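Undergrad:
If you want it as structure tokens, here you go:
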């Protein structure tokens, strides 16, 4: 479904990604793990078109999307749930959700999509008319995921959806990720909660200083000595 | 040990919503005190009442024996309470060094002195190799660390740390824990909000869990994790089973 082929990405003169390649197949949950500054967010931003690689290319459903700008990748079926929420704080919950369905195909299905999001996150329905900035951290996180789903994506990329959530909500978010996946949406997941991620994902890639260091199934990586030492701290 | 910060019946309302409802707690000098609770339970609001970011509606806040209720945020900072923010607030176009210097200017008007102080705390926080990077370019974990450095540059006696381990992987959490312990060992009392259990359970001397703005449990980390109310409202059954 998604193929990232040998991309090099720079911020000015500083190279952030080195020859990064990986693949996400339809129906998978693929985890992207790594230390702070390893390039996880950069990878996501490149896929969604916020950054452009200097070398290499990205294919989505057979189409080369390397040069497609971010506002158009959404229309192709890629949703990006950004790190640290990035909601529109002055707008209501409902308006924030509507912002997720601006592409024509999604706009046509806006009502159903919203019903679906409210089913998944009933609390958001209660908060529909409340400004997003006044929601609690957990509610904001749900709204960010909900906004991503509003574009009717085939692939949803989530950047640290469990950031700043209470332990029981972290469990909840991972359950929701699995549920969304069961409903047929492919998922690319960046997470610092390495243990939970490796238990949830089909496969995972490990990024180290801008390079892919390892790939494997969640189980393989859980038993990998290097992963244990460098990421799990066990 | 004496009480460095004493909160008495602190209340903060937002319209009809009582975010902090009658919290009474004393933080002792030299301890690491952990505050946990579900999202929206009032933890950050409590921090905001302490430094008058959102003034308390009623109750008293006493720092080193003197009431600070009603004093302005900058006065409280000058008295010796530093803080970091959950939603990080870097000065985006300034470098890391300049960000931290802005904290040091609390105590000095001299640029050289401020720079020396900033370099010292950057070293302390393990961030000196990033000193020339712009604030906005840091990863989220490094932004959190820069906020600690900026607060420390103002020489606080008490530091309020709001979710400083968010966005760190388990290995990085260990190094963040070491930083907080070093801060305490240097004589600064730490009042810490955190959702990462490994972090807060591992560093706190005492902890409190709140929900709907009210205390539901208080005690040592190993005690607090066993309270049924804490498991129900915060940790979740899976955590209780798993660990």
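Chains as they are written, first to last, in the numbering used here: chain R, 1428 to 1661; chain P, 17 to 259. Just so it is clear, CB atoms sit at the ideal spot from N, CA and C, and this is done for glycine as well. On a predicted model such as this, the values are computed, not experimentally measured, just so you know.
Could you give the C-beta distance for residue 1442 (chain R) and residue 1637 (chain R), rounded to a whole number, given that I count them as a contact under 8 Å?
TA: Taking the first residue of the first chain as position 1, residue 1442 (chain R) is located at position 15. Taking the first residue of the first chain as position 1, residue 1637 (chain R) is located at position 210. Correct: roughly 7 Å between the Cβ atoms.
Undergrad: So with Cβ pairs under 8 Å, would you call residue 230 (chain P) a contact of chain R?
TA: Locating residue 230 (chain P) in the second chain gives position 214, counting from the first residue. Answer no: the Cβ-Cβ gap between residue 230 (chain P) and chain R never drops below 8 Å.
Undergrad: Between which residues of its own chain and residue 1437 (chain R) is the CB-CB distance below 6 Å, once the five residues before and five after are set aside?
TA: Locating residue 1437 (chain R) in the first chain gives position 10, counting from the first residue. Here the set comprises 1481.
Undergrad: Taking the C-alpha atoms as reference points, what is the distance between residue 1428 (chain R) and residue 195 (chain P)?
TA: For the purposes of this step, residue 1428 (chain R) is taken as residue 1 along the first chain, with counting starting at 1. For the purposes of this step, residue 195 (chain P) is taken as residue 179 along the second chain, with counting starting at 1. Their Cα atoms are separated by approximately 43 Å.
Undergrad: Between the stretch 1578-1591 of chain R and the stretch 238-250 of chain P, are three or more C-beta pairs nearer than 8 Å?
TA: They do not touch, by the three-pair rule.
Undergrad: Who are the Cβ neighbours of residue 68 (chain P) in its own chain at under 7 Å, not counting the five residues just before and after it?
TA: On the second chain, residue 68 (chain P) is found 52 positions in, with the first residue counted as 1. So the qualifying residues of the chain are 87, 88, 89 and 92.
Undergrad: Using 8 Å for Cβ pairs, my map puts residue 1520 (chain R) next to residue 1554 (chain R). What's the rounded Cβ distance?
TA: On the first chain, residue 1520 (chain R) is found 93 positions in, with the first residue counted as 1. On the first chain, residue 1554 (chain R) is found 127 positions in, with the first residue counted as 1. Yes, they are in contact, since the Cβ atoms of residue 1520 (chain R) and residue 1554 (chain R) sit about 5 Å apart, within 8 Å.
Undergrad: Is there a Cβ from chain P that is less than 8 Å from the Cβ of residue 1651 (chain R)?
TA: To locate residue 1651 (chain R), count along the first chain from 1; it is residue 224. False, the Cβ-Cβ gap to chain P never drops below 8 Å.
Undergrad: Between the alpha carbons of residue 1461 (chain R) and residue 1486 (chain R), how many angstroms are there, rounded?
TA: Locating residue 1461 (chain R) in the first chain gives position 34, where the first residue counts as 1. Locating residue 1486 (chain R) in the first chain gives position 59, where the first residue counts as 1. Taking the straight line from one Cα to the other gives about 23 Å.
Undergrad: Going along chain P in order, which residues have a C-beta closer than 9 Å to the C-beta of residue 1657 (chain R)?
TA: The residue you call residue 1657 (chain R) lines up with position 230 of the first chain. 185 and 187, listed in chain order.
Undergrad: DSSP puts residue 1631 (chain R) in a beta bridge; with which residues?
TA: The residue given as residue 1631 (chain R) occupies position 204 in the first chain. The partner list for residue 1631 (chain R) (beta bridge, DSSP) reads R:1458 and R:1643.
Undergrad: Does the beta-carbon of residue 1507 (chain R) have 16 or more other beta-carbons within 10 angstroms, so that it is buried, or is it exposed?
TA: Here residue 1507 (chain R) corresponds to residue number 80 of the first chain, with the count starting at 1. Flag for residue 1507 (chain R) reads buried.
Undergrad: Using 8 Å as the threshold, is the stretch 1451-1461 of chain R in touch with the stretch 1602-1621 of chain R, meaning 3 or more CB pairs across them?
TA: Because the criterion of three Cβ pairs below 8 Å is met, the stretch 1451-1461 of chain R and the stretch 1602-1621 of chain R touch.
Undergrad: At least one CB of chain R closer than 8 Å to the CB of residue 34 (chain P): is that the case?
TA: To locate residue 34 (chain P), count along the second chain from 1; it is residue 18. Cβ-Cβ to chain R under 8 Å: no for residue 34 (chain P).
Undergrad: Is the separation between the beta-carbon of residue 101 (chain P) and that of residue 163 (chain P) shorter than 8 Å?
TA: The count along the second chain starts at 1 and reaches residue 101 (chain P) at position 85. The count along the second chain starts at 1 and reaches residue 163 (chain P) at position 147. Against a cut-off of 8 Å, the Cβ pair of residue 163 (chain P) and residue 101 (chain P) comes out as a contact.
Undergrad: What does the Cβ neighbour count give for residue 1650 (chain R), buried or exposed, with the cut at 16 atoms within 10 Å?
TA: Stepping through the first chain from its first residue, residue 1650 (chain R) is reached at position 223. So residue 1650 (chain R) counts as exposed.
Undergrad: Give the residues of chain P in contact with residue 1510 (chain R), contact being defined as C-beta atoms less than 9 Å apart.
TA: If you number the first chain from 1, residue 1510 (chain R) lands on position 83. Correct list: 156 and 183.
Undergrad: Check whether the stretch 102-114 of chain P touches the stretch 137-156 of chain P, counting contact only when three or more Cβ pairs, one atom from each stretch, lie closer than 8 Å.
TA: A contact exists between the stretch 102-114 of chain P and the stretch 137-156 of chain P.
Undergrad: With 8 Å set as the bound, which would you pick, yes or no: does the beta-carbon of residue 1631 (chain R) sit closer than that to a beta-carbon of chain P?
TA: Taking the first chain and counting its residues from 1, one reaches residue 1631 (chain R) at position 204. Judged by the 8 Å Cβ criterion, residue 1631 (chain R) is not in contact with chain P.
Undergrad: Would you report the Cα separation of residue 78 (chain P) and residue 130 (chain P), rounded to the nearest angstrom?
TA: Counting from one through the second chain, the residue named residue 78 (chain P) turns up at place 62. Counting from one through the second chain, the residue named residue 130 (chain P) turns up at place 114. Each residue's alpha carbon lies about 29 Å from the other.
Undergrad: Measure how close the beta-carbons of residue 26 (chain P) and residue 62 (chain P) come, nearest whole angstrom, since I'm counting them as under 8 Å.
TA: The sequence position of residue 26 (chain P) within the second chain is 10, counting from 1. The sequence position of residue 62 (chain P) within the second chain is 46, counting from 1. Indeed, because the Cβ distance is near 7 Å, the residues count as touching under 8 Å.
Undergrad: Can you list the residues of chain P that residue 1463 (chain R) reaches, using a CB-CB cut of under 8 Å?
TA: Numbered from its first residue, the first chain carries residue 1463 (chain R) at position 36. By Cβ distance, chain P contributes 155, 156, 157, 158, 183, 184, 185 and 188.
Undergrad: Name, going along the chain, the residues of the stretch 40-67 of chain P whose beta-carbon falls closer than 9 Å to a beta-carbon of chain R.
TA: Residues 52, 53, 54, 55, 56, 57 and 60.
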